[in-house]
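Undergrad: What follows is a single structure, and I will ask about it in a moment.
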Amino acid sequence: LAKTTQPISMDSYEGQEVNITCSHNNIATNDYITWYQQFPSQGPRFIIQGYKTKVTNEVASLFIPADRKSSTLSLPRVSLSDTAVYYCLVGGAGRRALTFGSGTRLQVQP
Amino acid sequence: DTEVTQTPKHLVMGMTNKKSLKCEQHMGHRAMYWYKQKAKKPPELMFVYSYEKLSINESVPSRFSPECPNSSLLNLHLHALQPEDSALYLCASSQAPVESLVKTQYFGPGTRLLVL
């Protein structure tokens, strides 16, 4: 299984840009990188998915270097409501794509 | 409609009880999942159904019995649970079967289970 490593926790202030990095040294050729956000007592919510280079949507950007051994989720101008746990998943098909890492607990302060 | 619903929201049961958790989606998704999540831990995969057939069982104890009656419904039957089974049980679905590329998973809000 593709093992991922993320920081356990991060702190930020409202209005700042937050970058959360995920390491995945044994990523396979067919693997995609997917990020989810989870609030307490709720199910995870899909944020963004990418394969290489850069992907951007209305809530986040995902930066993936050429070797694909890491990825960075970028949240622009965070607010208090972005306080959550962020999970990086790496995989394509099967259980590889369904294994959550330990996640990063982001705390946004006013 | 991009919603996955789960019932009940909360469940308290004794170790001799039999209960069921229900999950429903109307997005036409062909893969459905059960995850278990303990406090401050990531979700752990339990079962996967693809096209209403059990595709993955992550060596889950037999006191948990999944069922997929049709493409929109997923049940998890519980019997003779232990207190350590207390957790948040999450259901999810995705468009493609798990054997192909897994894109977005849509999660329900979960059922908070307490086993006494």
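Chains as they are written, first to last, in my numbering: chain A, 1303 to 1412; chain B, 1351 to 1466. Every residue gets a Cβ at the ideal spot worked out from N, C-alpha and C, and that includes glycine.
With a threshold of 7 Å between beta carbons, is A:P1342 in contact with chain B?
TA: False, the Cβ-Cβ gap to chain B never drops below 7 Å.
Undergrad: Leaving aside the five residues before and after B:H1360 along the sequence, list all residues of the same chain whose C-beta is less than 6 Å from its C-beta, in chain order.
TA: Result list for B:H1360: R1462, in chain order.
Undergrad: Going by DSSP, which residues form a beta bridge with A:V1410?
TA: For A:V1410, which the question treats as bridged, DSSP gives the partners A:S1314.
Undergrad: Under a Cβ-count criterion, where at least 16 other Cβ atoms within 10 Å of its own Cβ denotes burial, should A:I1310 be classed as buried or exposed?
TA: Burial call: exposed.
Undergrad: Let me check one thing: in DSSP terms, what residues is A:I1301 bridge-paired to?
TA: Outside the shown range of chain A, which is 1303 to 1412, sits residue 1301 of chain A, and nothing can be said about it.
Undergrad: Hey, how far is the Cα of A:S1373 from the Cα of A:Y1389?
TA: Taking the straight line from one Cα to the other gives about 12 Å.
Undergrad: Is the beta carbon of A:S1314 less than 7 Å from the beta carbon of A:V1380?
TA: Result yes, Cβ atoms of A:S1314 and A:V1380 sit closer than 7 Å.
Undergrad: Label A:L1408 either buried or exposed according to how many other C-beta atoms from any shown protein chain fall within 10 Å of its C-beta, with 16 as the threshold for buried.
TA: Buried is the call here.
Undergrad: Helix, strand or coil for B:P1416, going by three-state DSSP, please let me know.
TA: Note: B:P1416 maps to strand in three-state DSSP.
Undergrad: Would A:D1369 be called buried (16 or more neighbouring beta carbons within 10 Å of its own) or exposed?
TA: Looking at its Cβ environment, which holds fewer than 16 other Cβ atoms inside 10 Å, A:D1369 is exposed.
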